[in-house]
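Positions in the sequence shown are counted from 1; adding 1 to them yields the working numbering. Just so it is clear, CB atoms sit at the ideal spot from N, CA and C, and this is done for glycine as well. Please read the structure below before turning to the comments.
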Amino acid sequence: MTSRIQEVPQRPVAEVLNRIGGERRPAGDGATLERRNPADARWLVSTAPQSTADDVADAVTAAVEAADAWAATAPGKRAELLEAAARVLAARADEIADDIVAEMGKPISAARMEAGRTPKNLELYAAEAIRLTGVTYPSDDAGALVYSERTPVGVVGVITPWNFPLNLASRKIGPALAAGNTVVFKPSPMTPRTGERLGEAFLEAGFPTGVVNTVHGDAAGAHLVADERVTAVTFTGSTAVGRRIHDAINLGRRVQLELGGNNPVVVLADADLEVAANVVARSSFTMAGQACTAAGRILVAESVHDELLERVVELAGTQVVGSGHRAEVTMGPLVDERAVVAMDSTIAAAVAAGAEVVTGGTRLSTADTEHGWFYPPTVLRDADPTMALSCQEVFGPVVGFEKIADLDAALARANDNEYGLTSSVCTRDLASAMRFARSVEAGTVRVNRPTVGAAFNAPFGGIKASGTGTHREQLGPTVMDFYTSLRTVFLGG
Ligand code: NAD
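Shown next as structure tokens:
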């Protein structure tokens with residue numbers, strides 16, 4: 002593992018504002034939050050409004066006032082505007098990728114992929130605006146026509162995390178707008194500039210004022226959820242916050258929660274170990290382990306345990322850790338100091354309980370890394386299910402190896418966990434792969450593939466504490482179900 006973060010480019014501070022109706026506004030009381038570059042915390046990247054409850058209420062009012070006209074806008078026009086927003090974002094993709102790296106630290110190649118993907122999401126949802134269908138039903142009343150039609154839900158509150166600050170938000174705002182809803186968007190306080198860029202793209206594309214509003218701040222999400230005029234909340238973030246939102250949503254409003262994970266990779270005795278080692282390294286070290294789909298527990302058949310461990314340690318050593326602004330870097334910093342402290346304490350507790358650090362295990366503090374929140378890829382052996390590492394979401398580049406006897410033991414161990422987001426099995430045996438796929442408790446199962454990633458045309462979502470199980474409404478062909486209500490009409494002549 003090498004570390005290189007010198008020459009972090011400095012740029013002027015971005016002064017992010019709320020967008021409420023036609024106005025760009027600071028917080029009502031002028032309070033701001035600061036976002037620093039995680040690769041070099043001396044660099045203040047952006048400031049953003051620390052919105053008050055009144056600011057958020059104003060944004061909801063703007064969305065309510067714009068709702069009827071937007072719902073009545075022809076689907077073809079809604080599609081046109083979404084395509085125009087896609088073009089605005091595509092034209093700015095490189096600049097936005099730089100903002101993503103500056104605010105949350107992922108390598109520039111990954112940020113460019115995200116910024117490149119986002120316009121395509123909007124194009125896809127533009128098409129949904131004109132593809133929405135209703136259904137007619139046979140009726141015993143010969144003179145009547147019975148049909149169901151889709152209507153917009155109303156005002157959609159969109160609350161997003163920092164790890165995919167652009168792509169993930171576009172996957173919520175796009176379908177909400179396509180269906181004729183208005184939006185109040187609340188980006189993460191870690192990525193306000195990126196959030197502002199996305200919100201502004203809709204206005205620049207010609208969306209009427211009030212259709213997309215953006216508010217920032219630590220408490221803005223809670224204010225948004227508390228406002229009963231927000232008829233649907235789509236949230237991606239931690240399980241702890243998701244639980245709070247779930248409790249706050251009363252009957253008559255809808256909520257979609259996509260939450261955290263503690264995802265297993267199972268490696269059976271017959272696995273191709275080169276494939277398996279790559280699966281583990283990609284699952285665990287991509288985005289420095291800061292993906293909801295990252296794997297922290299590696300459950301390995303005893304006969305191949307040592308060889309796999311050796312191969313994974315070798316791959317950990319090939320990671321280039323440093324500022325995501327540098328093209329050769331494969332692993333950026335953690336998002337903040339808290340994340341570094343959480344890694345330290347998780348590893349210390351595992352070691353105290355009998356695990357052994359094979360590589361990594363302490364924060365990087367060379368001259369290059371001392372101003373950032375860097376942690377090296379870390380591999381532990383002799384982990385067990387009682388350790389936080391093996392049962393909680395860590396959100397950092399650490400894996401714990403556990404030995405398992407066979408597929409039955411692996412399944413029991415994989416399922417003995419509160420989460421159920423994603424999973425992977427490495428095997429050359431089709432029957433084992435199928436049994437794992439049918440029995441593991443996870444929303445996504447991958448065979449000889451890393452746990453990370455999602456396809457925009459396939460459903461994605463978690464079960465158990467990883468979400469509300471709304472896969473069909475997150476990506477894939479039925480995504481519009483969350484953003485529309487069905488109305489059944491009995492039409493007599
Ligand atoms: P977080 O839960 O801390 O914050 C997410 C968003 O919620 C932020 O915008 C935050 O400001 C807001 N928020 C905070 N408190 C709130 C409240 N009481 N009410 C309403 N909103 C509130 O999560 P994070 O640190 O930004 O992101 C990392 C988490 O997101 C991890 O747990 C990760 O697994 C999860 N995640 C899940 C998926 C998925 O698809 N399942 C995808 C990406 C990230």
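- Straight-line measurement puts the Cα of V359 at about 44 Å from the Cα of L123.
- Exclusion of the five residues before and after R172 leaves N122 as the residues of its chain whose Cβ lies within less than 6 Å of its Cβ.
- A direct Cα-Cα distance of roughly 14 Å separates G218 from V226.
- Contact between the stretch 311-321 and the stretch 281-290 is present: three or more C-beta pairs spanning the two stretches fall below 8 Å.
- Distances from the alpha-carbon of T479 to those of N458, T469, I464 put N458 closest.
- Of the heavy atoms belonging to the ligand NAD, none sits nearer than 6 Å to the Cβ of A28.
- R255 has its alpha-carbon roughly 11 Å from the corresponding atom of I246.
- Remark: the shortest separation between the CB of T74 and any heavy atom of the ligand NAD does not fall under 6 Å.
- Every alpha helix (DSSP H) stretch that sits fully inside the stretch 213-247 and reaches 4 residues is listed by chain position as 221-227.
- The C-beta distance from C293 to G261 rounds to 6 Å, short enough to fall under 8 Å.
- Contact between the stretch 52-70 and the stretch 345-358 is not established, with fewer than three Cβ pairs separated by less than 8 Å.
- With contacts defined as CB atoms closer than 7 Å, G222 and I160 qualify as a contacting pair.
- L269 is not a Cβ neighbour of A295, given a cutoff of 7 Å.
- In this structure, the straight-line span from the alpha carbon of R93 to that of A40 is close to 23 Å.
- Residue pairing by DSSP places D41 opposite N38 in a beta bridge.
- For E104, the closest C-alpha among the options A277, G454, L34 is that of L34.
- Using a cutoff of 6 Å, the CB of G238 counts as near the ligand NAD, since one of the ligand's heavy atoms is closer than that.
- The straight-line gap separating the alpha-carbon atoms of S424 and D482 is approximately 26 Å.
- If you draw a straight line from the Cα of R151 to the Cα of R488, it is about 6 Å long.
- Between A384 and G401, the C-beta spacing is below 7 Å.
- Distances from the CB of G261 to the heavy atoms of the ligand NAD include at least one below 6 Å.
- Within 10 angstroms of the beta-carbon of P120 lie 16 or more other beta-carbons, which makes it buried.
- V154 places its beta carbon less than 7 Å from that of A233.
- Bounds of the alpha helix (DSSP H) holding Y126 are 109-132.
- Taking one beta carbon from each stretch, the stretch 83-98 and the stretch 40-58 have fewer than 3 pairs nearer than 8 Å; the two do not touch.
- Judged by their CB atoms, F375 and L365 are nearer to each other than the 7 Å cut-off.
- Per DSSP, the beta bridge partners of F186 are V159, T215.
- In the DSSP secondary-structure assignment, N19 is bridged to R26.
- Assigned with DSSP and collapsed to three states, R447 falls in strand.
- In this structure, E129 lies near A179, with their beta-carbon atoms less than 7 Å apart.
- N264 sits in a strand when the DSSP states are folded into three classes.
- Linking M435 to S189 through their CA atoms gives a straight-line distance of about 38 Å.
- Taking 7 Å as the cut-off, the beta carbon of I21 is found closer than this to the beta carbon of N214.
- For the ligand NAD, a non-hydrogen atom lies closer than 6 Å to the CB of W163.
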